[in-house]
Amino acid sequence: MSQDRQETKEKLLDAAECLFARRGFDEVSVRELATEAGVNVAAVNYHFQTKENLFREVIARRFVHQRDTTLNALNRYLEKTGSGHGLAPVIHILAEQYLRGSLGTTGSSAFMMLVARELHTTRTHGSMTFFREMVQPVFHTFAMAIRSCRPQMSDEDIAFFMASVVGQIHHFIVRWHKIQTLGPDSPEGKMMIAMFPVLGRSLDSYITEVSDHITRFSTAAADSLYPEVAE
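As structure tokens, then:
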């Protein structure tokens with residue numbers, strides 16, 4: 050692909066990410082996507098054929114990398130520790146990798162808005178099948194890691210547990226994006242930092258402290274509800 054065509058494709062992906070995040074998949078037309086990207090409608094058809102294909106590539110562009118990075122980090126840990134791995138490191142890997150991938154890259158705010166919108170929409174379209182396929186490998190691998198160190202947890206227990214962990218992660222992602230949007234020196238930003246001082250720290254410190262908190266909190270809950278079985 051020539052450089053000009055690649056640049057056009059990237060412009061369309063950037064525009065789609067912003068518009069889908071702001072208004073949702075179903076509310077954005079192909080013509081609006083082209084206008085936002087500064088190209089003609091034919092460019093959308095040339096590069097993606099359909100709006101659904103464009104949505105898939107928007108998700109894949111960011112989520113494939115985050116999915117693979119997260120799974121690689123977990124697999125490296127599991128290979129190193131074998132059957133003797135603990136629950137806390139598994140949770141910490143999920144929290145830290147998810148936070149770093151969601152907060153530490155350019156344009157991550159729009160992408161997270163897009164993910165949140167699509168997860169909560171009542172509408173369905175073919176692109177959501179692709180999105181679920183992107184999430185499933187992460188869920189499956191982490192569920193197996195949790196089950197191996199907490200065998201007394203049922204499938205439903207693990208599903209609830211992972212939903213709780215991911216819910217915490219999403220909360221802290223939203224808080225960070227909120228303070229960045231408002232500005233730390235705005236009246237609202239100052240109020241948020243006064244209530245939650247970690248929001249006033251650097252991104253690296255925020256990710257570290259939040260990952261540690263989620264790990265401690267979730268491990269304590271698991272230890273209370275599903276105590277580790279002695280060998």
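Just so you know, we're using the numbering used here here: the sequence shown kicks off at 50 and counts up by one. Virtual Cβ for every residue (Gly too), placed ideally from N, Cα, C. For clarity, every value in this text was computed on a predicted model and none was experimentally measured.
Q | Environment of L61 [buried if 16+ CB atoms lie within 10 Å] | A | Against the sequence shown, residue 61 aligns to sequence position 12. Result: buried.
Q.
Tell me which residues share the same chain as V88 and place their Cβ nearer than 8 Å to its Cβ, disregarding the 5 neighbours each side in the sequence.
A. Here residue 88 refers to the residue found at position 39 when the sequence shown is read from its first residue. Correct list, in chain order: T57, K60, L61.
Q. Candidates H219, K100, G131: which alpha carbon is nearest L152's?
A. Counted from its first residue, the sequence shown places residue 152 at position 103. Checked all of H219, K100, G131; the closest Cα to L152 is H219.
Q: Compute the distance between the beta-carbons of H134 and A194, then report whether it is under 8 Å.
A: Locating residue 134 in the sequence shown gives position 85, counting from the first residue. Locating residue 194 in the sequence shown gives position 145, counting from the first residue. Contact: yes.
**Q.** Cβ neighbours of V18 in the same chain (closer than 8 Å, five flanking residues each side left out)
**A.** Lying outside 50 to 280, the shown extent of the chain, residue 18 is not represented and no answer is given.
Q | Residue from Q229, T264, R265, A269 with nearest C-alpha to R250 | A | Indexing the sequence shown from 1 puts residue 250 at position 201. The shortest Cα separation from R250 among Q229, T264, R265, A269 belongs to Q229.
(Q) Less than 8 Å between the C-beta atoms of V187 and R116, yes or no? (A) Position 138 of the sequence shown, counted from the start, is the residue given in the question as residue 187. Position 67 of the sequence shown, counted from the start, is the residue given in the question as residue 116. In contact: V187 and R116 (Cβ atoms closer than 8 Å).
Q) Leaving out the 5 sequence neighbours to the left and right, which residues in its chain are closer than 8 Å to A144 when beta-carbon positions are compared? A) The residue labelled residue 144 in the question sits at position 95 within the sequence shown. Excluding positions up to five away in sequence, the list reads V214, Q217, I218, V259, S260, I263, T264.
Q | Counted within 10 angstroms of its Cβ, other Cβ atoms place A40 as buried (16 or more) or exposed | A | In the structure as shown, the chain begins at 50 and stops at 280. Residue 40 is therefore absent and cannot be evaluated.
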